[in-house]
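Read through the structure below, which is laid out as structure tokens, and then see the notes.
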Amino acid sequence: MRSTWITRAETSADIPTIRAINLAAFPTAEEADLVDALRADPSAWLDGLSLVVADRNGNLVGHALLTRCHIGDIPALCLGPVAVRPEQQNRGVGSAAVPAALTAAKAAGERYVVVLGHPTYYPRFGFTRASAHGIGLTIDVPDEALMALALDADHPLPGGTVRYAAPFGI
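According to this note's numbering, the sequence shown is numbered sequentially starting from 108.
The structure is reproduced here in structure tokens:
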């Protein structure tokens, strides 16, 4: 049975639970520490683009984060981490979180999003192989793992090298 999920921007009261979700979803604290470091980086953090997913009782079960990056010199967003409590995985939480984050980004006037992630998961949200648009990284990753999305059809993806916020270490 699929649940109905509630998505919204994070509040300061959500921060400890977001950390707990990331700690539960990943094998190490690396992603949870990254979220905290991005939140502390004023050049990366964008209010309203850290989204949580709650169940019908208001319990937080997922999180999706968009932060500032650049494609060449063009402002863009980086999606990730996206985290779901293990007991709620494969129940549509991520499929609620990612579109909510993309909708919030578009409403904020953002145009481009990149993600370094599972090549079989993110295409369902419209992401395509970044290299097809001339977008790359300064590090070696599987070509199919770097994906990009234009939020506005009137502004096609620019080519260039993705520059992530400093906490990513890329």
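Where a beta carbon is used, it is the ideal one built from N, C-alpha and C, also for glycine.
Quick caveat, the model's predicted, so the values are computed rather than measured.
- Straight-line measurement puts the Cα of N164 at about 32 Å from the Cα of L223.
- It is roughly 25 Å from the alpha-carbon of F133 to the alpha-carbon of A183.
- Taking C-beta atoms as the reference points, G155 and A211 count as a pair closer than 7 Å.
- When rounded, the separation of the alpha-carbon atoms in P188 and S157 is 10 Å.
- Close CB contacts of D259 within its chain, under the 8 Å cut and outside five residues either way in sequence, are with K213, R218 (chain order).
- Each residue's CA atom was taken as its position, placing A272 and E137 some 15 Å apart.
- Restricted to the region 234-263, the beta strand (DSSP E) segments that are unbroken, complete and at least 3 residues in length are 253-257, listed in chain order.
- Under the three-state reduction of DSSP output, R146 falls in the helix class.
- Linking V160 to H177 through their CA atoms gives a straight-line distance of about 27 Å.
- Bounds of the beta strand (DSSP E) holding S157 are 157-161.
- Ranked by how close their Cα comes to the Cα of G179, the residues D261, T245, G199, D140 have T245 in first place.
- For T174, the enclosing beta strand (DSSP E) covers residues 167-178.
- If you look at T268, you'll find it in the beta strand (DSSP E) that goes 267-270.
- In the structure shown, A190 falls within a strand segment according to DSSP collapsed to helix, strand and coil.
- Between V142 and G169 the beta-carbon gap is near 13 Å, outside 8 Å, which marks them as no contact.
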